[in-house]
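Worksheet for the structure shown next.
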Amino acid sequence: MVDLSRNRFSGQIPKCINNITFGQPGLYNTIYDDVFSVWGSNDAEKGVVTYGNILFQVYDMTTTKQVNLFLVGMDFVTNKKVNSYKGNMVNYMSGLDLSCNSLGGEIPSELGEVEWIHALNLSHNQIIGQIPTSISGLRQLESLDLSYNNLSGSLPLGLVELTFLECFSVAYNNLSGSVPNVKDQFGTFVKNSYEGNPYLCGGQTEKNCSSMKNIDGDDDDDDDRMVETTSEEWYEEVDMSAFWAAYIIFFLGVFISSWRCLEFNENGWTLIWSHNDKFFSTRGPQPGMEKIEKRKSKS
Numbered sequence: 001m002v003d004l005s006r007n008r009f010s011g012q013i014p015k016c017i018n019n020i021t022f023g024q025p026g027l028y029n030t031i032y033d034d035v036f037s038v039w040g041s042n043d044a045e046k047g048v049v050t051y052g053n054i055l056f057q058v059y060d061m062t063t064t065k066q067v068n069l070f071l072v073g074m075d076f077v078t079n080k081k082v083n084s085y086k087g088n089m090v091n092y093m094s095g096l097d098l099s100c101n102s103l104g105g106e107i108p109s110e111l112g113e114v115e116w117i118h119a120l121n122l123s124h125n126q127i128i129g130q131i132p133t134s135i136s137g138l139r140q141l142e143s144l145d146l147s148y149n150n151l152s153g154s155l156p157l158g159l160v161e162l163t164f165l166e167c168f169s170v171a172y173n174n175l176s177g178s179v180p181n182v183k184d185q186f187g188t189f190v191k192n193s194y195e196g197n198p199y200l201c202g203g204q205t206e207k208n209c210s211s212m213k214n215i216d217g218d219d220d221d222d223d224d225r226m227v228e229t230t231s232e233e234w235y236e237e238v239d240m241s242a243f244w245a246a247y248i249i250f251f252l253g254v255f256i257s258s259w260r261c262l263e264f265n266e267n268g269w270t271l272i273w274s275h276n277d278k279f280f281s282t283r284g285p286q287p288g289m290e291k292i293e294k295r296k297s298k299s
C-alpha cells in the first residue's frame, strides 16, 4: 500500500511507475514478521495493536519490551467509501493513493501495466489529457477515483472490462461523449460518479445524447453564421475603401486634365484653363517687369 496523498507533489506521474511490484500474490507472506515492533505497549499485552487504520496481531508474547507483529487487517478509504481487508486477503491487497496533490501532465499509459493493483486514487490534482485506454488492463481494480482533475475526451470503452470495479468516479472534469453501457458493474454507479462534466451523456447522467448532438449542431450553425457575418463586414469595409480611393483618383484626374497651358510673355504669365468648355485666364507679372516699367516712366 502506497499512500502519498495530501502532499505538495507536482510534475507528472513518472512513466516508470510500471516498475511497482506491489500486489503480486505471495509477495508479502513473510515481509511483516519483523517490520513493526512495539515497545511497552499495553495493547500488546492484549494481543492486538493498531497502527493508524492498520490492525496488527501480536504472535510473540514472551516479552513486552519488544514484540513482533503480524498484519491481520487494514481499511482503505477512497471516494468516501471504506473497504476493509482482513486475514490472508491483506496479502493480496494493494493500492496507490496520490490524491490531493498538484500533479499535472497526462496519465502515463504505463500505469495500465500495474496489473495487480486493487485501488487507484488520483483525485484532486491537475491532471490533463484523456484517460488512457491501457487502464482497462487493471483487471483487479476495485476502486478508481479520477475526480476533480482537468481530464478531457471520452471515457474509454475498455472500462467495462474492469469487472471487479465497485467504486468509480470521474466527477468534475471536462469529459464528453456517452458513458459506458449501463450493464454489469456500471449499472450500479450513481449519478454523482459523473457529475461536473456538462458534456457527458447517457446512462446515469440523465442527459440524452441525441439532444446533446443537437446542441452541438446549433453551436456549429452559430459559428457558421458568425463567419458569414464577419465576411460580409470585411467585404463592406473593402468596398468603401475602394470607393473612396477611386473617387480621389477620379477627382485628381479631372482636375489635372483641366489644365491647358501656361504662357509667358513680356507682360507676365498667363494661366489658361477650361471648365465645362468655358475658358478662363489668370494673369500675373513676369519677374523683373516692375523695374522695366519704372525705367519707361522716367524716360
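Going by the UniProt record's numbering, the residue at position 280 of the sequence shown is 280; the numbering climbs one at a time, nothing skipped. Note that CB positions come from ideal geometry on N, CA and C, so glycine has one too. Given the structure is predicted, the values throughout are model-derived calculations rather than measurements.
query: Just to confirm the assignment, what range does the beta strand (DSSP E) spanning Phe-189 have?; result: Per DSSP, Phe-189 belongs to no beta strand (DSSP E) and is neither H nor E.
query: Taking the alpha-carbon positions, what's the Ser-109 to Met-1 distance?; result: 21 Å
query: Exposed or buried, what is Lys-15 when buried is set at 16 or more other beta-carbons lying within 10 Å of its beta-carbon?; result: exposed
query: If we ignore side chains and look at the alpha-carbon of each, how far apart do residue 364 and Leu-122 end up?; result: Nothing can be reported for residue 364, as the shown portion of the chain is limited to 1 through 299.
query: I'd like the span of the beta strand (DSSP E) that includes Leu-150, first residue to last.; result: Sequence inspection shows Asn at residue 150; the Leu mentioned does not correspond to that position. Its beta strand (DSSP E) spans residues 150-153.
query: Taking 8 Å as the CB-CB cut-off, is Leu-157 touching chain B?; result: Absent from the structure: chain B. Only one protein chain is present.
query: Using the Cα positions of Gly-158 and Ser-136, report the straight-line distance between them to the nearest angstrom.; result: 5 Å
query: Using alpha carbons as the reference points, say which of Cys-201, Thr-163 and Val-170 lies closest to Ser-178.; result: Cys-201
query: Using the Cβ count rule (16 or more neighbours within 10 Å means buried), how would you classify Gln-12?; result: exposed
query: Tell me Ser-96's beta-bridge partners as DSSP assigns them.; result: Correcting the residue type first, residue 96 is Leu in the shown sequence and not Ser. According to DSSP, Leu-96 bridges with Val-2 and Leu-120.
query: Quick one: grab the DSSP three-state call for Asn-7.; result: coil
query: Rounded to whole angstroms, what's the CA-CA distance from Asn-208 to Ser-10? Just pull it up for me.; result: 38 Å
query: Buried or exposed, going by whether 16 or more other CB atoms sit within 10 Å of the CB of Gln-140?; result: buried
query: Among residues of its own chain, excluding the 5 on either side of Leu-4, which ones have a beta-carbon nearer than 7 Å to its beta-carbon?; result: Asp-97 and Leu-98
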